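Participant: Residue numbers (numbering that gives the first Met the number 0): 0 to 517. Have a look at this one before I ask anything.
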Amino acid sequence: MSKTFSLNDSSVVVIIGSGAGGGTLGYELARQGVDVVCLEAGPRQEASEFVNDAEEMTARLTWLDRRIGVGDTEANFPVFTCKTVGGTTVHWTATALRMQDHELRPQTTYGKIDNASLIDWPLSPEELAPYYDRAEDKMGVTGTHGIPRLPESNHYKVLKAGAKRVGYRHFNTGNMAINSEDRDGRPACRQIGFCMSGCVIAAKWSTLYTEIPRAEETGHFELRPQAMAVRINHDADGRVAGVVYVDQDGTRREQKARVACVAGNAIETARLLLNSKSDLFPAGLANRADQVGRHYMRHVFAGVAAIMPGPVNFHRGTQQAGHVQDEADHRPERGFSGGYQIEILPFPPTSLARLVSPGGWGDDFAAIMEKYNHFASLLIQGEDFPQADNRILLHGEERDAYGLPVPVVRYRDHANNVALRRHGVAAARKIFQSLGAERIFTYPLKSATHNMGICRMSARSQDGVCDKWGRTHDIPNLYISDGSAFSSSSSANPTLTIVALAIRQAEHIAKEISAGRM
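So this is what it looks like as structure tokens:
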């Protein structure tokens with residue numbers, strides 16, 4: 000049963016965020032007997048409350064608080080992260096890919112790249128591999144450990160046919176954290192679609208109905224929804240002492256803490272640390288090397304959609320269960336370093352209209368939308384190189400409802416991103432052209448959903464914020480527990496790596512507590 004801890008209980012581990020990092024870390028600590036308080040800014044919603052309506056669920060799930068974009072992004076910077084218990088694991092497409100070995104060693108593999116702040120991860124592929132195994136088993140990732148792949152949707156069949164025609168060899172319905180058969184007390188996917196609206200039958204893995212309820216059953220875990228963390232306090236020695244949050248009634252409270260783990264998704268993680276400045280940390284918590292907020296990565300994205308000769312009904316079936324990985328390797332002869340994934344990704348009518356015909360009107364627009372059931376669409380997702388000046392900052396004047404400075408997201412494309420995107424768009428267009436597409440549309444995707452790198456792992460404290468365990472270089476009882484800790488973005492969707500790192504981090508923290516070092 001769920002436990003309730005006193006605000007003055009300084010023996011607890013406080014986790015900020017309940018998504019892939021925070022939710023997984025909370026369960027893994029609680030099952031080892033560590034007492035945990037998990038602060039989640041959003042409300043608790045159950046799968047039974049979800050509806051198959053993309054517009055409504057976006058409004059109910061998404062973190063809609065204001066952000067300001069500067070550079071190669073939209074001014075209001077739409078970010079598809081979630082403000083709800085379970086975090087972005089409620090909204091995610093459930094694509095669960097491992098990083099490739101060379102993507103963990105970008106500096107060694109790619110060499111010196113102008114204007115890129117590349118470093119290798121401070122942990123090896125061999126160190127990470129067993130935790131990938133555990134994460135895949137926990138999440139029920141299809142195509143791994145004998146778990147069958149998901150069935151082929153019509154949308155995937157379009158990709159498959161085109162991939163064959165252009166000579167690709169590595170394509171399938173993907174490694175997906177969506178049940179292909181009854182497993183873990185949850186049903187198999189029914190191919191409803193609307194995966195990004197929250198899975199109404201809980202076939203898709205989410206900490207909302209897996210890790211968090213199980214953590215509560217241990218008696219060592221308390222979830223506090225609608226608890227917005229606004230500051231992390233420290234003692235005279237610079238160690239974390241407590242986390243200040245605003246509860247659902249607007250009351251400001253402080254939870255004392257033995258350890259604090261920040262898993263708020265990169266933009267909020269950076270904002271919280273930068274806002275927690277003090278005389279001892281005048282530039283922000285754990286920021287003596289001026290690295291918090293820097294090296295922001297979000298993947299290189301582009302979209303290509305096509306009107307096919309016959310009906311596709313791409314809105315039916317698992318939304319992203321279709322991948323080509325032939326372009327994910329590193330072949331610099333293509334004119335860029337790193338690689339990219341090609342993944343199917345359908346859109347509801349309103350979103351598709353905004354992408355393929357912004358501001359569309361009249362007969363041509365009507366003709367496009369009348370062909371909605373004939374559409375297929377592909378996502379290009381490539382490795383985004385870190386740059387020191389791509390960063391999260393605090394606005395000097397504008398404040399939000401909690402009195403916090405609004406985050407400013409400064410992002411500019413690297414030249415490598417531009418070359419990779421151009422190659423990926425051409426590859427996707429060839430797939431559709433090979434099948435006789437009637438019309439092909441290319442559109443930029445300047446929003447962000449994979450936010451990474453602003454508190455990156457590094458071997459040297461001057462290069463990043465935390466070590467290979469996610470422990471900050473400056474403060475021994477402060478940990479980074481989300482994609483903020485990524486040293487590189489890779490071409491892979493980040494969630495599997497976040498979960499693997501959380502499992503590993505929980506083992507480390509539990510051992511440190513058991514040994515009396517925290």
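Where is the CB? At the ideal position from N, CA and C, for every residue including glycine. Computed from a prediction, not measured in an experiment: that's the story for all the values here.
Can you give the beta carbon distance from glycine 85 to glycine 192, rounded, assuming they're within the 8 Å contact cut?
Facilitator: Counting from 1 along the sequence shown, the entry for residue 85 is found at position 86. Counting from 1 along the sequence shown, the entry for residue 192 is found at position 193. That belief does not hold up - the Cβ atoms of glycine 85 and glycine 192 are roughly 20 Å apart, past 8 Å.
Participant: Measuring alpha carbon to alpha carbon, tell me which residue in Arg104, Leu6, Ser10 and Lys2 is nearest isoleucine 512.
Facilitator: The residue you call residue 512 lines up with position 513 of the sequence shown. It is Ser10 whose Cα lies nearest to the Cα of isoleucine 512.
Participant: Compute the beta-carbon to beta-carbon distance between serine 480 and valine 311, rounded to the nearest angstrom, for a pair I have assumed lies under 8 Å.
Facilitator: Position 481 of the sequence shown, counted from the first residue, corresponds to residue 480. Position 312 of the sequence shown, counted from the first residue, corresponds to residue 311. Contact flag wrong, Cβ pair sits at about 40 Å.
Participant: With C-beta atoms as the reference, is valine 140 less than 8 Å away from methionine 175?
Facilitator: Numbered from 1 along the sequence shown, position 141 holds the residue referred to as residue 140. Numbered from 1 along the sequence shown, position 176 holds the residue referred to as residue 175. Contact: yes.
Participant: Taking the CB atoms as reference points, tell me whether leucine 444 and alanine 304 lie closer together than 8 Å.
Facilitator: The sequence position of residue 444 within the sequence shown is 445, counting from 1. The sequence position of residue 304 within the sequence shown is 305, counting from 1. No.
Participant: For glutamate 326, name the three-state secondary structure that DSSP assigns.
Facilitator: One-based indexing of the sequence shown puts residue 326 at position 327. Correct three-state label for glutamate 326: coil.
Participant: Taking the alpha helix (DSSP H) that serine 350 falls in, what are its first and last residues?
Facilitator: Reading the sequence shown from its first residue, position 351 is the one you call residue 350. Note, serine 350: alpha helix (DSSP H), 348-355.
Participant: Which residues does DSSP list as the beta-bridge partners of valine 242?
Facilitator: Against the sequence shown, residue 242 aligns to sequence position 243. In DSSP, valine 242 forms a bridge with Ile231 and Gln254.
Participant: Below 6 Å CB to CB, which residues in the same chain sit around proline 105 once its five sequence neighbours on both sides are set aside?
Facilitator: Position 106 of the sequence shown, counting from 1, holds the residue named residue 105. Closer than 6 Å at Cβ, skipping near neighbours: Leu117 and Ser487.
Participant: Looking at isoleucine 439: is its Cβ nearer than 8 Å to the Cβ of arginine 428?
Facilitator: Taking the sequence shown and counting its residues from 1, the one referred to as residue 439 is at position 440. Taking the sequence shown and counting its residues from 1, the one referred to as residue 428 is at position 429. Yes, the Cβ-Cβ distance between isoleucine 439 and arginine 428 is below 8 Å.
Participant: Answer yes if the stretch 358-371 comes into contact with the stretch 411-428, meaning at least three C-beta pairs across the two stretches below 8 Å, and no otherwise.
Facilitator: Result no; under three Cβ-Cβ pairs closer than 8 Å.
Participant: Touch check for the stretch 14-21 and the stretch 161-176: three-plus C-beta pairs under 8 Å?
Facilitator: Touching, no.
Participant: Is DSSP giving glycine 395 helix, strand or coil here?
Facilitator: One-based indexing of the sequence shown puts residue 395 at position 396. Of the three classes helix, strand and coil, the one that applies to glycine 395 here is strand, per DSSP.
Participant: Can you tell me the Cα-Cα spacing of isoleucine 391 and glycine 435, whole angstroms?
Facilitator: Counting from one through the sequence shown, the residue named residue 391 turns up at place 392. Counting from one through the sequence shown, the residue named residue 435 turns up at place 436. Those two C-alpha atoms are separated by around 44 Å.
Participant: Take every Cβ of the stretch 395-413, pair it with every Cβ of the stretch 123-140, and state whether three or more of those distances are shorter than 8 Å.
Facilitator: Short answer: they don't touch.
Participant: From which residue to which residue does the alpha helix (DSSP H) around phenylalanine 440 run?
Facilitator: In the sequence shown, residue 440 corresponds to position 441, counting from 1. Unbroken run through phenylalanine 440 is the beta strand (DSSP E), 438-443; no alpha helix (DSSP H).
Participant: For leucine 564, write down the residues that DSSP places opposite it in a beta bridge.
Facilitator: Examination of residue 564 is not possible in this model, given that the chain is present from 0 through 517 alone.
Participant: Is the number of C-beta pairs between the stretch 278-290 and the stretch 355-366 that are closer than 8 Å three or more?
Facilitator: Not touching, per the Cβ criterion.
Participant: Might you give, ordered along the chain, the residues of its own chain that have their beta carbon closer than 8 Å to the beta carbon of valine 50, omitting 5 neighbours on each side?
Facilitator: Position 51 of the sequence shown holds residue 50. Cβ neighbours of valine 50 beyond the five flanking positions: Met56, Ser196 and Val199.
Participant: Relative to the C-alpha of glycine 20, which candidate in Leu393, Ala387, Leu495 and Gly334 has its C-alpha closest?
Facilitator: Translated into positions along the sequence shown, residue 20 becomes position 21. With distances taken between Cα atoms, glycine 20 lies closest to Leu495.
Participant: Let me confirm a value: asparagine 114 is counted as buried when at least 16 other C-beta atoms fall within 10 Å, else exposed. Which label applies?
Facilitator: Your numbering for residue 114 matches position 115 in the sequence shown. Per the 10 Å Cβ criterion, exposed.
Participant: Just to confirm, are valine 243 and arginine 230 a CB contact at a threshold of 8 Å?
Facilitator: By one-based count along the sequence shown, residue 243 stands at place 244. By one-based count along the sequence shown, residue 230 stands at place 231. Yes, they are a contact pair.
Participant: State yes or no: is the C-beta of lysine 82 within less than 8 Å of the C-beta of glutamate 221?
Facilitator: Working through the sequence shown from its first residue, we reach residue 82 at position 83. Working through the sequence shown from its first residue, we reach residue 221 at position 222. In this structure, glutamate 221 does not lie closer than 8 Å to lysine 82 by Cβ.
Participant: What three-state label does DSSP hand lysine 203 in the structure shown?
Facilitator: Within the sequence shown, numbered from 1, the residue matching residue 203 stands at position 204. Three-state DSSP puts lysine 203 in a strand.
Participant: Rounding to the nearest angstrom, what Cα-Cα distance links alanine 375 and cysteine 194 in this structure?
Facilitator: Indexing the sequence shown from 1 puts residue 375 at position 376. Indexing the sequence shown from 1 puts residue 194 at position 195. Roughly 17 Å between the two C-alpha positions.
Participant: Please report the Cβ distance between alanine 491 and arginine 97, rounded to the nearest whole angstrom; I am assuming they are in contact, meaning their Cβ atoms lie under 8 Å.
Facilitator: Numbered from 1 along the sequence shown, position 492 holds the residue referred to as residue 491. Numbered from 1 along the sequence shown, position 98 holds the residue referred to as residue 97. About 6 Å; that satisfies the 8 Å criterion.
Participant: Beta-carbon within less than 7 Å of asparagine 178's beta-carbon, same chain only, minus the 5 sequence neighbours each way: which residues are those?
Facilitator: Taking the first residue of the sequence shown as 1, we reach residue 178 at position 179. For asparagine 178, where only same-chain residues beyond five positions count, the Cβ hits under 7 Å are Gly139, Arg185, Pro186, Ala187, Cys188 and Ala202.
Participant: Beta carbon of alanine 40, beta carbon of methionine 307: below 8 Å?
Facilitator: What you label residue 40 is simply residue 41 of the sequence shown in a count that begins at 1. What you label residue 307 is simply residue 308 of the sequence shown in a count that begins at 1. Result no, Cβ atoms of alanine 40 and methionine 307 do not sit closer than 8 Å.
Participant: In the DSSP assignment, the alpha helix (DSSP H) including phenylalanine 79 goes from what residue to what residue?
Facilitator: As a working mapping, residue 79 is identified with position 80 in the sequence shown. Looking at the DSSP string, phenylalanine 79 is not in any alpha helix (DSSP H), and its letter there is neither H nor E.
Participant: If we ignore side chains and look at the alpha-carbon of each, how far apart do isoleucine 430 and leucine 378 end up?
Facilitator: If you number the sequence shown from 1, residue 430 lands on position 431. If you number the sequence shown from 1, residue 378 lands on position 379. Answer to the nearest angstrom: the Cα atoms are 12 Å apart.
Participant: What does the Cβ neighbour count give for glutamate 210, buried or exposed, with the cut at 16 atoms within 10 Å?
Facilitator: Looking up residue 210 in the sequence shown gives position 211. Glutamate 210 comes out buried.
Participant: Please go through the same chain and pick out, in chain order, the residues whose beta-carbon is closer than 8 Å to the beta-carbon of threonine 425, but skip the five residues on each side of it.
Facilitator: Along the sequence shown, one-based indexing puts residue 425 at 426. The question names threonine, yet the displayed sequence has alanine at residue 425. Nothing listed; no residue qualifies.
Participant: Would you mind sorting asparagine 450 into buried or exposed? The rule is 16 or more other CB atoms within 10 Å of its CB.
Facilitator: What you label residue 450 is simply residue 451 of the sequence shown in a count that begins at 1. It counts as buried.
Participant: If you pair each beta-carbon of the stretch 392-402 with each one of the stretch 327-336, do three or more pairs fall below 8 Å?
Facilitator: The stretch 392-402 vs the stretch 327-336: no contact.
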